[in-house]
Structures are given as C-alpha cells and as structure tokens.
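To start, the structure itself, in structure tokens.
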Amino acid sequence: MRGSIDVEPDANTDGSVPPTARKAPAEIAIALRGVEKRYGDHVALEATTLDIKDGEFLCLLGPSGCGKTTTLNIIGGFVAPTRGEVYLKGCRVDHLPPHRRDVNTVFQSYALFPHMTVRDNVGFGLRMARVPRAQASVRIAEALALVGLEDFGHRPPGELSGGQQQRVAVARALVNRPVVLLLDEPLGALDLKLRKRLQLELAQLRRELGMTFVYVTHDQEEAMAMGDRIAVMNAGRVEQVGTPTEIYHRPVSRFVADFIGESNFLDAALVPAHLAGGARQGTLMVRPEALQIERETPGGGGLPGEIVQTAFLGSHTRVAVACAASSAPVTVSCFGAGAMAIAEPGTRVALSWDPKAAVRLPE
Ligand SMILES: Nc1ncnc2c1ncn2[C@@H]1O[C@H](COP(=O)(O)OP(=O)(O)OP(=O)(O)O)[C@@H](O)[C@H]1O
Ligand SMILES: [Mg+2]
C-alpha cells in the first residue's frame, strides 16, 4: 500500500527524508543524478543528470563507444555506477540487483536459451513469476504475434535467422509488461522494411501500455522517428536532450548538428551581416533546405559562390556550392523545378537564408 499514501518512498523510520530522496519525484520514471562510470582511467560515462518522464519514449543516440549501453546497463542494474544515484519512480535503486527493479532489458547481444523452444524462451519470465499456465499462454501468443513470429513458437532459436532471434528477444521482454523497458539496438539485425514495421508497432505498443521506453540506437533517423525526446551522446557525455525538432533546429554543438541530419558550417566573419543574425565571428550552422540559391547579380547581396556539383534526387535537387565562408562545399536542397535552370556546374550563385534559421554554435 505504500504507493497510495503520501510518504516519500525513501523516508527514514523517524519520518525524515534523506536529502537525495527529494530530488526525484514519482512522475519521473527514471532519474540519474550525477551518474558516472569509470573503467580505470577510462571514463565510459561522465557525470550525467537526466530525468526520463513516466510514459516517455527516450532515445539514447550516439556513435559507437559513446556510452549508450553503459547508461542503459546502469539503469537496469547490470553495471554499477562509480558515482551518483539512480531512481526509479522516486525510489533510489542503484544498490539493488536487476531483478529487484521493475525494468526489463532487451540486450544488444540478446541471449536466448538454445535448448528451449521460442515459446518457452518468451514465457521464461512468466514461469519464474508463477503466472498461471492458461494466462501465460495467451500472453506468449500475443507477444509472438506482435513481432510476427506466431508460427515459430515450437522451434528452437537455432532454427531462426538472426533477425528472427532478435524479435524473440523483444517478445521475451514485452511479455512481462514491465513499467520500464530498456532496449539496446533491438532492431539492429533487421532489414529495413521489417525494421520500419516494428518501429511503428513498438511505438504504438508503448502508447497502449503506457510503458516508459529507453531505446538505444546509433541510427539518427530511427531516433527522430520514434523518440519523444532524444539524448545525443558523444564520448561519454550527454551533449543535448530535446525533442527531435529541438535537436534538429537548435543543436547546441557542432557534434550534434553534424550527427543529426545534414549541416553546413559557415565562418560567421565571412558571411554578409544581414544574413549573420548579429554574429561577427564563430560558426553558423544552416541546414541545406533552409538555403535559397539564385544566380549571382551585381550588388545583389547574398553569400557568393560557385556551383561545383548537382544531383537530381527525385524529390529535390542537391546542389554543392563552393564558397569562401565554408571549408567544405555548401549543400543546398532545392525543391521545385526552378533550381535546375541554374544548376550547371561553374555557375556563379548567391546563397541566402532567413537569419532565424541559422544557429550560432559555440567554439
Ligand atoms: N567492461 C568494460 N571494461 C572496460 N571498458 C569498457 C567496459 N564496457 C564498456 N567499456 C568502454 O566504455 C565505452 C562505452 O561503451 P558502451 O558499450 O557504453 O558504448 P556504446 O555507446 O554502447 O557503443 P556501441 O554503439 O558500439 O554499442 C567504450 O569506450 C568501451 O570500450
Ligand atoms: Mg552498445
């Protein structure tokens, strides 16, 4: 009954509350407070403070080795943090073993029991929890149907493809209906079509069951498509946490701007003042679709350059423009037919944009 009365879960017997317990309210499903992980001299995760809301779909996104799995395993209890505190639903858990946390994990290297059938693999957690056989069998069938493996229940995992085994691992985690589901690149081995289908189904399932998902991926498109928010990680540090829109339009660093979508980086000192939005130095980031391109006219303003390459991509034309303000050719995405008329390599052009669409990046 503890959940229904208004007592801090970590309250001491005298009713006082240790100072740390106040820091994580219950509507926050997962709270990390100054969580750090070191392996000897190597910092796998720098001191990280992060709140994941109840029912939220949070993606951990970043390149290989940036600390995604480490973060997930600290939440799940498989890795002990060197420093810091972990809260689930307001209760401090970093001293608890994995099975005492209401969390299920789909591991990056999913290990299925080779001697058990697919059905028994999926139902393993239910058997451990002594769920009645009839009820368990319904839930196993539901979970298998969800991942499209309803006809594979009787097989041993060894007779499935890698992608099918991965789906069994997802079904095995879903069948327990945990409050929090941790997924470490769960769709990594799947082909694009199945991956897209399961992305949609996982997102829908999460909404229906009101579960909190922490989802690790290094695929920025997957993170944009699925996440309510994305935590972008780089070299053991969370660089930015925000909605896909915030991350795309307001990246806080060059790393984030570069990792999410395509970016152009311009030297603000070499950009005409009316386009620089007040910046006189440093780097300006502008997305390819925010740039307008025209034939250069004398006294016409804009950022001058020369077309070096064009590519017609069906939905739009991509034009690469060499200009003094950028060390790499500036990419412009042109929608509509107008661009093709000036798209000859060697054409002198002027680039312009709404200064509000340019992001000033810190050094
Ligand atoms: N048990 C360990 N001992 C020593 N170093 C480790 C250990 N586990 C992880 N690391 C290091 O910590 C860093 C983060 O590893 P982590 O597995 O969290 O990366 P990741 O973001 O999940 O990468 P990937 O996308 O390749 O799975 C890496 O540099 C890794 O080598
Ligand atoms: Mg990993």
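Heads up, the sequence shown is in numbering that gives the first Met the number 0, so the first residue is 0 and it goes up one at a time. A virtual CB, placed ideally from N, CA and C, is assigned to each residue, including glycine. The structure displayed is predicted, hence computed values, not measured ones.
Does the Cβ-Cβ distance between residue 164 and residue 214 come in under 9 Å?
-> no
Of the residues 357, 296, 48, 52, which one's Cα is nearest the Cα of residue 228?
-> 52
Residue 77 and residue 104: beta carbons closer than 9 Å?
-> yes
What do you reckon, is the C-beta of residue 192 under 8 Å from a heavy atom of ligand 2?
-> no
Segments assigned beta strand (DSSP E), at least 3 residues, entirely inside the region 160–207 = The region 160–207 contains these whole beta strand (DSSP E) runs: 179–183.
Scan the region 228–272 and note each continuous alpha helix (DSSP H) run of 4 residues or more that stays entirely inside, going in chain order.
-> 243–248, 253–258
Under a three-way DSSP split, which group does residue 50 fall into?
-> strand
Residues near residue 352 in its chain [Cβ-Cβ closer than 7 Å; skip 5 each side] | Counting only Cβ-Cβ distances below 7 Å, and skipping sequence neighbours, we find 274, 285, 289, 290, 291.
If you run the structure through DSSP and keep just helix, strand and coil, what is residue 306?
-> Residue 306 falls in the strand class under three-state DSSP.
Under 6 Å Cβ to Cβ from residue 47, same chain only, skipping five residues before and after it: list those, please.
-> 31, 34, 237
May I ask whether a heavy atom of ligand 1 can be found less than 8 Å away from the beta carbon of residue 104?
-> no
Kindly examine ligand 2 and report whether one of its heavy atoms sits closer than 8 Å to the Cβ of residue 36.
-> no
Name the residue from 191, 193, 148 whose alpha carbon lies nearest to the alpha carbon of residue 171.
-> 148
Expressed to the nearest angstrom, what Euclidean distance is found between the alpha-carbon atoms of residue 183 and residue 75?
-> 11 Å
Taking C-beta to C-beta, are residue 152 and residue 140 nearer than 9 Å?
-> yes
Strand pairing of residue 332, partner residues [DSSP] = 317
With a cut-off of 7 Å, give the chain-ordered residues whose Cβ is closer than this to any heavy atom of ligand 2.
-> Screening all residues for a C-beta within a distance smaller than 7 Å of any heavy atom in ligand 2 leaves 67, 68, 107, 183, 184, 215, in chain order.
Compute the beta-carbon to beta-carbon distance between residue 193 and residue 162, rounded to the nearest angstrom, for a pair I have assumed lies under 8 Å.
-> 7 Å
Under a Cβ-count criterion, where at least 16 other Cβ atoms within 10 Å of its own Cβ denotes burial, should residue 99 be classed as buried or exposed?
-> exposed
Would you check if the distance between the CB atom of residue 321 and the CB atom of residue 309 is smaller than 9 Å?
-> For residue 321 and residue 309, no; Cβs fall outside 9 Å.
Span of the alpha helix (DSSP H) around residue 145 = Taken as a continuous stretch (DSSP letters only), the alpha helix (DSSP H) holding residue 145 covers 132–145.
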